[in-house]
Every structure is written in structure tokens, then in C-alpha cells.
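What follows is a short report on a single structure.
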Amino acid sequence: MSILVTGGAGFIGANFVLDWLAQSDETVVNLDLLTYAGNRESLASLAGDTRHVFVQGDIGDATLVAHLLSKHQPRAIVNFAAESHVDRSIHGPEDFVQTNIVGSFRLLEAARAYWNGLQGEAQQGFRFLHVSTDEVYGSLGKDDPAFTETHRYAPNSPYSASKAASDHLVRAYHHTYGLPVLTTNCSNNYGPYQFPEKLIPLMIVNALAGKPLPVYGDGQQIRDWLYVTDHCSAIRRVLEAGAVGEIYNIGGWNEKPNLDIVHVVCSLLDELRPHADGTGYSEQITYVTDRPGHDRRYAIDASKIASELGWKPAETFDTGIRKTVQWYLDNPDWIAHVQSGSYREWVEKNYAGRAA
12 MSILVTGGAG
22 FIGANFVLDW
32 LAQSDETVVN
42 LDLLTYAGNR
52 ESLASLAGDT
62 RHVFVQGDIG
72 DATLVAHLLS
82 KHQPRAIVNF
92 AAESHVDRSI
102 HGPEDFVQTN
112 IVGSFRLLEA
122 ARAYWNGLQG
132 EAQQGFRFLH
142 VSTDEVYGSL
152 GKDDPAFTET
162 HRYAPNSPYS
172 ASKAASDHLV
182 RAYHHTYGLP
192 VLTTNCSNNY
202 GPYQFPEKLI
212 PLMIVNALAG
222 KPLPVYGDGQ
232 QIRDWLYVTD
242 HCSAIRRVLE
252 AGAVGEIYNI
262 GGWNEKPNLD
272 IVHVVCSLLD
282 ELRPHADGTG
292 YSEQITYVTD
302 RPGHDRRYAI
312 DASKIASELG
322 WKPAETFDTG
332 IRKTVQWYLD
342 NPDWIAHVQS
352 GSYREWVEKN
362 YAGRAA
């Protein structure tokens, strides 16, 4: 038996592959294009492990995907492959359209053809699990109830619009063709192996380098924070027992403003890696011009997955953020290797002209 994981060298995908193989002997065929955010080093511990079959390639390559499905006969596809950074989508939306919409369409077409060729129990047991985001639901007011699975879609960035489109394609392939799909919409993930363009790793990396800690606007944008291994366990549970055609929201029950997150990171660094001169890392916080169209609040109501599938997060935010900061302190080589010239150019581009 095997599963096909797309985007399995990215942040969440790599954690999922590592977590899966720590608990199962079932082979993972890992298809990843290795764009800037895909990193084979995140999977270094699997070197020589025959249960992990890595293939560099694009989900939009229909011939390649069809070959992998025919060769490995997976019982499921778990689709993590996506462009996922809102700021990058603002600067260059076309990549998001190509990967998140066109790529998802071609992957669905390949999955449909493969599934139609299966027989009996193999066909009945096959699943296509699509990993999406809470951002497809848009922005919430301060006192609005959290997103449920029936919340209307209202994406506000090129990134979230492209993910919303892929969600609709997945739904359509189930409704029209009968493809046995599952969709998960998660809140903000954090944890090991996250590319340092996102808030938490960017704050850690900049703090350790003595650089400013850029906070957009007033820093009061609220997100629900989910430790990445909790997300992985939820996906495993949905794949195992989720009802075909259903959507499951996955959240950490941890709503916090961005500024509070930055202060927590600074406090942990003060404790775990204090400055020699005794100054606090919070002195490096710098307020910068907000990004265009910045959603004010996301919040996930994860009651459905709790009541129907018995899943709940194992980590609190306090335990998860401490593990995260400690991981970055313990893995300076991984950080150094991802901070390539293209990474530095992106950071300079994104924050250029954002007056403090």
C-alpha cells in the first residue's frame, strides 16, 4: 500500500511525511517541484528509507502524475502542493493561478482517470484529500462567530482566491464525477521547517540576526494558530474516517493578535538565547506599513472534526511556540541554507518602502 503526497518537501507537507513514516510503514510517494519553499533538507532524516520515494516534479505535469499513479497504485492522494504566501501573491499572482488552480485541475483530472480504472475495494477505498486554508472564507469582525464549514467563501487576496478556486474544483469533481474527495481548511500553521517568510520564523531569524522585527500596521490582526504536527494528526484522521465529499475545518483554538505573537517569541528568546548586554529582543520591534487588503481576523470553529471524528489538538499555544523557538535555535544550519540570495532579495523587495 502507498499514498501519494504532493508538496511533501514544503513546510506542512514535509512535517506530514515525517509524521506519517514515524507511525506507519506505508510507503509515501512524495511529489514536489522544489520551488523556493520546497526543501529536501527537511526530509534529510529519511535518507535511505525505502518507504519514502521522492520525485521532483509538477502537479501540473499530467504525464508524470499519471505515470506515478500507474506505477505506485496509491490508495490516496494528499494534496499539499500550493503557493501559499499572501505577500508573494500580491507581488506576483500568476504563479498562484498556475499552481493552485491549473495545477489542482490537472491533478484532479489525473486522479479521476486513475480512480475510474480501479476496481472493487480499491476503487471504493480511494480518497483524494485536498488541503486548503481558512483564508478562503475572508475576514471576520471582532465579535463575529468563527468560520464553520458552511461559511460562505469571500477570499480577499490572490492567494486565497486561488485556493478558493481549487476548493470549488474539488467539490465539482465529487458532485459531477463522483470522485471520492475530502477537503480540509486549516488555520495558521507554525512549527519546525517553516520557511522564514512567515511571521513566526521571520521574527525568530531576524531577532537572532539583530535585525528589525517588522510588524504590519498596528499588529492587531488576529489569527488562529495551529501547531503543525496537530494539523498532521488531523489530516490523518480525516483520511482515515472522514465522510466522502465533506469539508473539515482544522484549528488550534488559539486566537491571538500578531503583535502578541511577536512579544511571546521575544520573551522566549530572552529566556533561551539572551542578549549579552541584557537588552530585550522586543526592542527590535518595528512597525511598518500594512500590506494591501490585510484581513483583520480569521478564526476556525473546529467543532465538526471534534464531534464527528474525535480529533482535537494536542498542543497548547504555549507548548507549541516553545517547541518552535527551540527548534530554530537548534537548527542554525537549516536556517542558513534556506536564506539564499533569492530569499534575501524577496525580503528586501517585500519590505522596501514600508516606512517605520
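The working numbering puts the first residue of the sequence shown at 12, with every later residue one more than the last.
Yeah, the Cβ is synthetic: ideal placement off N, Cα and C, and Gly gets one too.
The structure presented is a predicted model; accordingly, all values stated were derived computationally and were not measured.
Checklist entry - Of the choices G304, I211, L219, whose alpha-carbon is the least far from that of P268? => result If you number the sequence shown from 1, residue 268 lands on position 257. Taking only the C-alpha atoms, the option nearest P268 is I211.
Checklist entry - If you draw a straight line from the alpha carbon of V276 to that of A325, how long is it in whole angstroms? => result In the sequence shown, residue 276 corresponds to position 265, counting from 1. In the sequence shown, residue 325 corresponds to position 314, counting from 1. Their backbone Cα atoms lie some 20 Å apart in a straight line.
Checklist entry - What residue ranges within the segment 83-170 form continuous beta strand (DSSP E) runs of no fewer than 3 residues, ordered along the chain? => result Segments of the beta strand (DSSP E) lying fully in the segment 83-170: 87-90, 138-144.
Item to check | Helix, strand or coil at L270 according to DSSP, with G and I counted as helix | outcome: For this step, residue 270 is matched to residue 259 along the sequence shown. It is helical.
Checklist entry - Helix, strand or coil: which one does DSSP assign to I70? => result Within the sequence shown, residue 70 is the residue found at index 59, counting from 1. In the structure shown, the three-state DSSP call for I70 is coil.
Next on the checklist: List, from N- to C-terminal side, the beta strand (DSSP E) runs of 3 residues or more that fit wholly inside the segment 217-245.
Outcome noted: For the segment 217-245, the continuous beta strand (DSSP E) assignments of 3+ residues that do not extend past its boundaries occur at 224-227, 233-238, in sequence order.
Next on the checklist: DSSP three-state label for R62, please.
Outcome noted: By one-based count along the sequence shown, residue 62 stands at place 51. Three-state DSSP puts R62 in coil, outside helix and strand.
Item to check | Of the residues I261, Y259, L270, P225, the one placed nearest I233, counting alpha carbons only | outcome: Reading the sequence shown from its first residue, position 222 is the one you call residue 233. Among I261, Y259, L270, P225, the Cα nearest to that of I233 is on L270.
Checklist entry - With N265 and S177 assumed to form a contact (beta carbons below 8 Å), what rounded beta-carbon distance in angstroms separates them? => result Position 254 of the sequence shown, counting from 1, holds the residue named residue 265. Position 166 of the sequence shown, counting from 1, holds the residue named residue 177. Between N265 and S177 the beta-carbon gap is near 26 Å, outside 8 Å, which marks them as no contact.
Item to check | Whole-angstrom distance between K334 and D341, CA atom to CA atom | outcome: Your numbering for residue 341 matches position 330 in the sequence shown. Your numbering for residue 334 matches position 323 in the sequence shown. Spanning the two alpha carbons is a distance of roughly 10 Å.
Next on the checklist: So the candidates are S150, S13, W338; which of them puts its Cα closest to the Cα of W31?
Outcome noted: Sequence index remark: in the sequence shown, residue 31 carries index 20 (1-based). With respect to the C-alpha of W31, the residue from S150, S13, W338 having the closest C-alpha is S13.
Next on the checklist: Less than 8 Å between the beta carbons of A20 and A157, yes or no?
Outcome noted: Position 9 of the sequence shown, counting from 1, holds the residue named residue 20. Position 146 of the sequence shown, counting from 1, holds the residue named residue 157. For A20 and A157, no; Cβs fall outside 8 Å.
Item to check | Local conformation of R284 per DSSP, three classes | outcome: For the purposes of this step, residue 284 is taken as residue 273 along the sequence shown, with counting starting at 1. Here R284 sits in coil by DSSP.
Item to check | Closest residue to D344 among A55, V108, H242 (Cα-Cα distance) | outcome: For the purposes of this step, residue 344 is taken as residue 333 along the sequence shown, with counting starting at 1. The shortest C-alpha separation from D344 is found at A55.
Next on the checklist: Using the three-state DSSP reduction, which class does R302 fall into: helix, strand or coil?
Outcome noted: Counting from one through the sequence shown, the residue named residue 302 turns up at place 291. R302 falls in the coil class under three-state DSSP.
Next on the checklist: Please classify L45 as buried or exposed, where buried requires at least 16 neighbouring CB atoms within 10 angstroms.
Outcome noted: Within the sequence shown, residue 45 is the residue found at index 34, counting from 1. Exposed: under 16 other Cβ atoms inside 10 Å.
Next on the checklist: By DSSP's criteria, S314 is part of a beta bridge. Which residues make up the other side?
Outcome noted: Translated into positions along the sequence shown, residue 314 becomes position 303. None, per the DSSP bridge assignment.
Checklist entry - What runs of the beta strand (DSSP E), each 3 residues or longer, lie entirely inside the segment 165-217? => result Entirely contained in the segment 165-217, the beta strand (DSSP E) runs reaching 3 residues are, in chain order, 192-197, 199-201.
Checklist entry - Tell me, which residues are paired with T297 by DSSP? => result Reading the sequence shown from its first residue, position 286 is the one you call residue 297. For T297, the beta-bridge partners assigned by DSSP are P225.
Item to check | Boundaries (first-last residue) of the beta strand (DSSP E) holding V39 | outcome: Counting from one through the sequence shown, the residue named residue 39 turns up at place 28. Element bounds for V39: 38-43.
Next on the checklist: Taking the alpha carbon of L190 as the reference point, which residue from S198, S100, C197, V181 has its own alpha carbon closest?
Outcome noted: Taking the sequence shown and counting its residues from 1, one reaches residue 190 at position 179. Ranked by how close their Cα comes to the Cα of L190, the residues S198, S100, C197, V181 have V181 in first place.
Next on the checklist: Just verifying my parser: in three-state terms, what is the DSSP assignment at N26?
Outcome noted: Your numbering for residue 26 matches position 15 in the sequence shown. Helix, per DSSP.
Checklist entry - Helix, strand or coil for Y309 per DSSP? => result Along the sequence shown, read from residue 1 onward, the residue named residue 309 stands at position 298. Under the three-state reduction of DSSP output, Y309 falls in the coil class, being neither helix nor strand.
Next on the checklist: Tell me the residue span of the beta strand (DSSP E) that contains V349.
Outcome noted: Translated into the one-based positions of the sequence shown, residue 349 becomes position 338. That residue, V349, is in no beta strand (DSSP E); its alpha helix (DSSP H) goes 343-349.
Checklist entry - In the DSSP assignment, what are the bridge partners of N260? => result Mapped onto the sequence shown, residue 260 falls at position 249. N260 is bridged by DSSP to N196.
Next on the checklist: Please classify N41 as buried or exposed, where buried requires at least 16 neighbouring CB atoms within 10 angstroms.
Outcome noted: Residue 41 sits at position 30 when you count from the first residue of the sequence shown. Buried, by the Cβ-count rule.
Checklist entry - On the premise that I70 lies in contact with T17, defined as a C-beta separation below 8 Å, what is that separation, rounded to the nearest angstrom? => result Sequence index remark: in the sequence shown, residue 17 carries index 6 (1-based). Sequence index remark: in the sequence shown, residue 70 carries index 59 (1-based). About 5 Å; that satisfies the 8 Å criterion.
Checklist entry - Residues in its own chain within less than 6 Å of G291 by CB, not counting five upstream and five downstream? => result Residue mapping note: residue 291 aligns to position 280 of the sequence shown, counting from 1. In the same chain as G291, and ignoring 5 residues on each side of it, the C-beta atoms closer than 6 Å to its own belong to D281, in chain order.
Checklist entry - Quick one: what's S81 bridged to in DSSP? => result Here the question's residue 81 lines up with position 70 in the sequence shown. Answer by DSSP bridge pairing: none, since S81 is not bridged.
Item to check | Whole-angstrom distance between S95 and T48, CA atom to CA atom | outcome: What you label residue 48 is simply residue 37 of the sequence shown in a count that begins at 1. What you label residue 95 is simply residue 84 of the sequence shown in a count that begins at 1. According to the sequence shown, residue 48 is Ala rather than Thr. C-alpha separation (whole angstroms): 9 Å.
Item to check | Cut-off 7 Å between Cβ atoms - residues of its own chain near S173, not counting five sequence neighbours on either side | outcome: In the sequence shown, residue 173 corresponds to position 162, counting from 1. Around S173: F107, V108, N111, I112.
Checklist entry - Taking just the CA atoms, how far does E257 sit from L193? => result Reading the sequence shown from its first residue, position 182 is the one you call residue 193. Reading the sequence shown from its first residue, position 246 is the one you call residue 257. Cα to Cα, L193 sits roughly 6 Å from E257.
Next on the checklist: Taking 8 Å as the threshold (C-beta atoms), are A165 and F139 in contact?
Outcome noted: Taking the first residue of the sequence shown as 1, we reach residue 139 at position 128. Taking the first residue of the sequence shown as 1, we reach residue 165 at position 154. It is not a contact, given that the beta carbons lie outside the stated cut-off.
Next on the checklist: For T195, count the other beta carbons within 10 Å of its own beta carbon; 16 or more makes it buried, fewer makes it exposed. Which is it?
Outcome noted: Within the sequence shown, the letter at position 184 stands for residue 195. Taking a 10 Å sphere around the C-beta of T195, we find 16 or more other C-beta atoms and assign the residue as buried.
Next on the checklist: Suppose you measure from the CA of A58 to the CA of A317; what does that come to, to the nearest Å?
Outcome noted: For the purposes of this step, residue 58 is taken as the residue at position 47 of the sequence shown. For the purposes of this step, residue 317 is taken as the residue at position 306 of the sequence shown. When rounded, the distance between both Cα atoms is 35 Å.
Checklist entry - I296 to K209, Cα distance in whole Å? => result Counting from one through the sequence shown, the residue named residue 296 turns up at place 285. Counting from one through the sequence shown, the residue named residue 209 turns up at place 198. Rounded to whole angstroms, I296 to K209 spans 16 Å at the Cα level.
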